[in-house]
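Peer 1: Just so we're aligned, residue 1005 is where the sequence shown starts under my numbering, counting upward by one. Cβ coordinates follow ideal geometry from the N, Cα and C atoms, glycine included. Quantities reported herein were computed from a predicted structural model and do not represent experimental measurements. Below: one structure in structure tokens.
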Amino acid sequence: MSEAPPFTISQTMLDMVFRIGELVNSIEHYELLDPHPKLRKQNRIRSIHSSCAIEANSLSVGQVEDIIDGRKVIGPKDEVLEVKNAIEAYSLLGDFDPYSMDDFLKLHGIIVRNLEKEAGRFRSGAEGVFAGDRFVYMCPPPEFVPSHMENLFAWLNESSSTVNPLIASCVFHYEMVFIHPFSDGNGRMARLWQTALLGKWKAIFHWIPIENRILKAQQEYYDSINFCNSAGNSNRFIEFMLRMILNALEDSMAEIRTATEAPPRHLTKFILKMESGKYYSVKELMELQSYKSRPSFLRSYIKPAREHGLIEMEYPDSPRTTKQRYKRTE
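This is the structure we're talking about:
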């Protein structure tokens, strides 16, 4: 028998688990009727960008998409490699057993390949966690890391039929961060492995960008971890992560509904006037429609066309740039 990590299931957790279950059922229903490969790709891009950005990777969403599409990106060599490794790791996620420590180590080997000497191996040195220059806590000594991780995976397997997978994945995330089993890549692995655990339960989680929500609440993410370190249990972190999962599902549900609804006829007629593969400025598009009022045109055509995924921006990382142009989505 393993030693169970310390946590207590609260009513707040149960309420969020129920709401998450309802959203999962709704999204599965929509996906069964009409899968959205383009939306899945965009969500995967967000997941990779956000998880790397949390660790101070400076590459933009557009640059991550360029790397996925095989285009050359100019940026810090290590950051480009970090994103390439993450792309491979996320693409293979469904092939790994999230209840296997061997697979866990294999995935770490991909995440930090050619970036870290101890790729795919537990750390051999002492580690401390810092917030800037401030020391936060000393991680368990390296000689105890293998036994701590073996116990965590043993608990994960033993509790698979008794602890809700949503809660179990949050507990694993926190405990892994606390143990800090690697010399590098701990945060990325914790987030990625939680996705693997959730994806084993419900496949749609392979495409839900929970990392994007964590990035937006990054300080609260760290604060909840630090609070739990002091409290001696993962309760607050579990509630935080369940909220992130719920928010990410709500985001995805809204996007799926928008993509599923048929666009108004005036938009489809407008899109058909655009040449395939050609970028247009707002002024040029207004001329196509013989439109005079720019604010009205943006409100009636550009905004809804973007929401329905009918047009793409040339500069997605700078949506308000005066140089912005649009092309028809193929």
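Would you identify the three-state DSSP class for residue 1285, choosing helix, strand or coil?
Peer 2: It is a strand residue.
Peer 1: Below 8 Å between beta carbons: does that hold for residue 1316 and residue 1333?
Peer 2: The answer is yes: Cβ separation under 8 Å.
Peer 1: Counting only the same chain and skipping the five closest in sequence on each side, list residues whose C-beta sits under 7 Å from that of residue 1020.
Peer 2: If we look at residue 1020 and ignore the five residues flanking it on each side, its Cβ neighbours are 1246, 1247, 1250.
Peer 1: Output the residue ranges of the alpha helix (DSSP H) runs that lie fully inside the segment 1296-1325 and measure 4 residues or longer, sorted by chain position.
Peer 2: Counting only runs of 4 or more, we get 1298-1301, 1307-1311.
Peer 1: If you count every other CB in all the chains shown that lies within 10 Å of the CB of residue 1270, and 16 or more means buried, which is it?
Peer 2: The residue in question, residue 1270, is exposed, as its Cβ has fewer than 16 Cβ neighbours within 10 Å.
Peer 1: Pairs of beta-carbons, one from the segment 1250-1263 and one from the segment 1206-1224, closer than 8 Å: are there three or more?
Peer 2: Touching, per the Cβ criterion.
Peer 1: I'd like the span of the beta strand (DSSP E) that includes residue 1331, first residue to last.
Peer 2: That run of the beta strand (DSSP E) goes 1329-1332.
Peer 1: Given a cut-off of 8 Å, decide if residue 1321 and residue 1051 are closer than it, judged by their beta-carbon atoms.
Peer 2: No.
Peer 1: Cα-Cα, which of 1184, 1107, 1309, 1281 is closest to residue 1140?
Peer 2: Ranking the options by Cα distance to residue 1140, first place goes to 1184.
Peer 1: Rounded to a whole number of angstroms, what is the C-alpha to C-alpha distance between residue 1119 and residue 1079?
Peer 2: The alpha-carbon atoms of residue 1119 and residue 1079 are separated by roughly 16 Å.
Peer 1: In the DSSP assignment, find the unbroken alpha helix (DSSP H) run with residue 1274 in it and report its ends.
Peer 2: Segment 1269-1276, the alpha helix (DSSP H) holding residue 1274.
Peer 1: Could you check the C-alpha separation between residue 1222 and residue 1216 for me, to the nearest Å?
Peer 2: The straight-line gap from Cα to Cα measures roughly 10 Å.
Peer 1: Between residue 1061 and residue 1077, how many whole angstroms is the CB-CB distance? I'm expecting something under 8 Å.
Peer 2: Rounded, the Cβ-Cβ distance is 12 Å, inconsistent with contact.
Peer 1: If you draw a straight line from the C-alpha of residue 1166 to the C-alpha of residue 1191, how long is it?
Peer 2: Using only the alpha carbons, I get a separation of about 27 Å.
Peer 1: Rounding to the nearest angstrom, what Cα-Cα distance links residue 1152 and residue 1146 in this structure?
Peer 2: If I take the Cα positions, the gap works out to 10 Å.
Peer 1: To the nearest angstrom, how far is it from the Cα of residue 1068 to the Cα of residue 1053?
Peer 2: Residue 1068 and residue 1053: Cα-Cα distance of roughly 6 Å.
Peer 1: Do the segment 1089-1103 and the segment 1187-1207 touch if we need at least three Cβ pairs shorter than 8 Å?
Peer 2: Taking 8 Å as the limit for Cβ pairs, the verdict is that the segment 1187-1207 does touch the segment 1089-1103.
Peer 1: Hey, quick one: how far does the alpha helix (DSSP H) through residue 1177 stretch, first residue to last?
Peer 2: It spans 1169-1183 - the alpha helix (DSSP H) in which residue 1177 sits, taken as one unbroken run.
Peer 1: Which same chain residues, not among the five before or five after residue 1162, have their C-beta less than 8 Å away from its C-beta?
Peer 2: Cβ neighbours of residue 1162 beyond the five flanking positions: 1005, 1006.
Peer 1: Per the contact definition of three or more C-beta pairs closer than 8 Å, is the segment 1171-1184 in contact with the segment 1229-1239?
Peer 2: Contact holds: three or more Cβ-Cβ distances are below 8 Å.
Peer 1: Which residue marks the beginning of the alpha helix (DSSP H) containing residue 1066, and which one marks its end?
Peer 2: Segment 1065-1072, the alpha helix (DSSP H) holding residue 1066.
Peer 1: With a Cβ-Cβ cutoff of 8 Å, do residue 1058 and residue 1229 count as a contact?
Peer 2: For residue 1058 and residue 1229, no; Cβs fall outside 8 Å.
Peer 1: By Cβ distance below 8 Å, which residues in the same chain neighbour residue 1129 in space, the five residues on each side in sequence not counted?
Peer 2: For residue 1129, where only same-chain residues beyond five positions count, the Cβ hits under 8 Å are 1146, 1187.
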